[in-house]
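**Q** Next up is a structure, given as structure tokens.
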Amino acid sequence: MNRQIAAHFSGRFDNRTCIITGGASGSGKAVAKRIIEEGGRVVLWDKSSDSLAVAQQESGAEFTIAVDVSDPEAVSQAARQSFEALGKIDLLVCSAGITGATSSVVEFPIDNWQRVIDINLNGVFYCCRAVAPYMVENGYGRIVNLSSVAGKEGNPNASAYSASKAGVIALTKSLGKELATSGVLVNVVTPAVFRSPLNEQVPQSHIDFMISKIPMNRLGEIDEVTAMICWLLSEECSFSTGATFDISGGRTTY
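Numbered according to our numbering, the sequence shown terminates at residue 263, and the numbering increases by one at each position without gaps.
In structure tokens, the structure reads:
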């Protein structure tokens with residue numbers, strides 16, 4: 010499908026540096042490639058060293074760091090390493106996440122619930138907490154957190170994922186207000202289901218259910234999500250912070 014949104018803006022990220030969590034695949038890797046093509050420098054964070062090596066080659070990222078975002082000390086150390094490697098940190102994209110079990114609330118495995126919250130919500134908190142001070146000190150920054158329409162509406166049989174993504178929305182609103190006069194803007198994107206490796210973690214019946222809720226009756230494309238994220242990371246985004254940006258094919262109603 011030919012899309013004008015795939016057009017690139019030459020030099021939009023000149024002299025900008027970026028950390029991307031979950032950068033080894035999906036939207037994280039796509040955003041990295043776009044930023045680099047538009048003049049920026051990127052360090053990829055992901056738990057999988059093998060996947061990072063492939064993503065670095067495919068995206069052109071200068072550096073990679075294997076880090077579990079659910080480990081606060083590891084995140085703090087990775088933030089320091091990234092700052093030392095890049096010289097500054099201008100941009101942060103928190104896209105690391107897992108779907109968790111497909112199960113009713115009353116049967117949901119407790120250990121799985123805790124793991125989803127640890128990665129999807131606590132991980133975003135740890136990353137923002139560790140990276141934001143570098144931006145504030147420099148007087149400039151853009152943070153984009155990846156949530157989901159599930160965080161607004163709650164998907165059945167996906168309670169941990171939905172709850173974690175709702176938490177990301179609230180966290181973003183709080184941090185955006187706290188940093189509103191610092192030069193650091195913090196926003197959250199809430200996509201409906203789109204083509205992503207995350208889809209491999211859930212049954213096709215669950216994906217079909219989510220597509221049935223989308224008026225456009227299709228999956229979103231990585232390039233569409235990437236375009237929105239990159240605008241929020243750019244200087245063009247200058248008067249939006251603590252805000253929620255939907256990209257849902259018409260599903261989102263508020």
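Yeah, the Cβ is synthetic: ideal placement off N, Cα and C, and Gly gets one too.
A quick note: this is a predicted structure, and the numbers were derived from the prediction, not measured.
Does the segment 51–69 come within contact of the segment 23–34, defined as at least 3 CB pairs closer than 8 Å?
**A** Yes, the segment 51–69 is in contact with the segment 23–34.
**Q** Which of the three DSSP states is assigned to R12 in this structure?
**A** By 1-based counting over the sequence shown, the position of residue 12 is 3. Because the pLDDT at R12 is just 47, under 50, the model does not fix this residue reliably, and the value given afterwards should be weighed accordingly. Coil at R12, not helix or strand.
**Q** Please report the straight-line C-alpha distance between K166 and S183, rounded to a whole angstrom.
**A** Within the sequence shown, the letter at position 157 stands for residue 166. Within the sequence shown, the letter at position 174 stands for residue 183. According to the sequence shown, residue 166 is Asn rather than Lys. Computed Cα separation, rounded: 28 Å.
**Q** Could you tell me if N131 is buried or exposed, where buried requires 16 or more neighbouring beta carbons within 10 angstroms of its beta carbon?
**A** Position 122 of the sequence shown, counted from the first residue, corresponds to residue 131. That one is buried.
**Q** Counting Cβ pairs, one atom from each stretch, are 3 or more of them under 8 Å apart for the segment 190–203 and the segment 115–123?
**A** Segments in contact, no.
**Q** By the DSSP assignment, the alpha helix (DSSP H) with D120 in it spans what residues?
**A** Position 111 of the sequence shown, counted from the first residue, corresponds to residue 120. Where D120 is concerned, the enclosing alpha helix (DSSP H) stretches over I119 to I126.
**Q** With a Cβ-Cβ cutoff of 8 Å, do V234 and V195 count as a contact?
**A** For the purposes of this step, residue 234 is taken as the residue at position 225 of the sequence shown. For the purposes of this step, residue 195 is taken as the residue at position 186 of the sequence shown. No, the Cβ-Cβ distance between V234 and V195 is not below 8 Å.
**Q** In chain order, what are the residue ranges of uninterrupted beta strand (DSSP E) at least 3 long that sit wholly in the segment 80–114?
**A** Listed in chain order, they are 100–103.
**Q** Which runs of the alpha helix (DSSP H) fall wholly inside the segment 204–231 and span at least 4 residues, in chain order?
**A** If we require 4 residues or more, the alpha helix (DSSP H) runs fully inside the segment 204–231 come out as 213–221.
**Q** Please report the straight-line C-alpha distance between R260 and I44, rounded to a whole angstrom.
**A** By 1-based counting over the sequence shown, the position of residue 260 is 251. By 1-based counting over the sequence shown, the position of residue 44 is 35. Each residue's Cα considered, the two are about 28 Å apart.
**Q** Thinking C-beta only, is G229 closer than 8 Å to G192?
**A** As a position in the sequence shown, residue 192 is number 183, starting the count at 1. As a position in the sequence shown, residue 229 is number 220, starting the count at 1. Cβ atoms of G192 and G229: not closer than 8 Å.
**Q** Alpha carbon to alpha carbon, how far is T73 from G49? Give it in angstroms, no decimals.
**A** As a position in the sequence shown, residue 49 is number 40, starting the count at 1. As a position in the sequence shown, residue 73 is number 64, starting the count at 1. So the alpha carbons of these two residues sit roughly 15 Å apart.
**Q** In terms of alpha-carbon separation, which member of S168, N164, N226 and L101 lies closest to L241?
**A** Here the question's residue 241 lines up with position 232 in the sequence shown. Per the Cα distances, L101.
**Q** Which first and last residues belong to the beta strand (DSSP E) in which N196 is found?
**A** Numbered from 1 along the sequence shown, position 187 holds the residue referred to as residue 196. Note, N196: beta strand (DSSP E), V193 to P200.
**Q** Here's the rule: buried if 16 or more other CB atoms are within 10 angstroms of the residue's CB, otherwise exposed. What is S247?
**A** The count along the sequence shown starts at 1 and reaches residue 247 at position 238. Flag for S247 reads exposed.
**Q** If you count every other CB in all the chains shown that lies within 10 Å of the CB of R151, and 16 or more means buried, which is it?
**A** Here residue 151 corresponds to residue number 142 of the sequence shown, with the count starting at 1. By the neighbour-count rule (16 or more Cβ atoms within 10 Å), R151 is buried.
**Q** Does the distance from the C-beta atom of A64 to that of I231 stay below 8 Å?
**A** Looking up residue 64 in the sequence shown gives position 55. Looking up residue 231 in the sequence shown gives position 222. Not in contact: A64 and I231 (Cβ atoms no closer than 8 Å).
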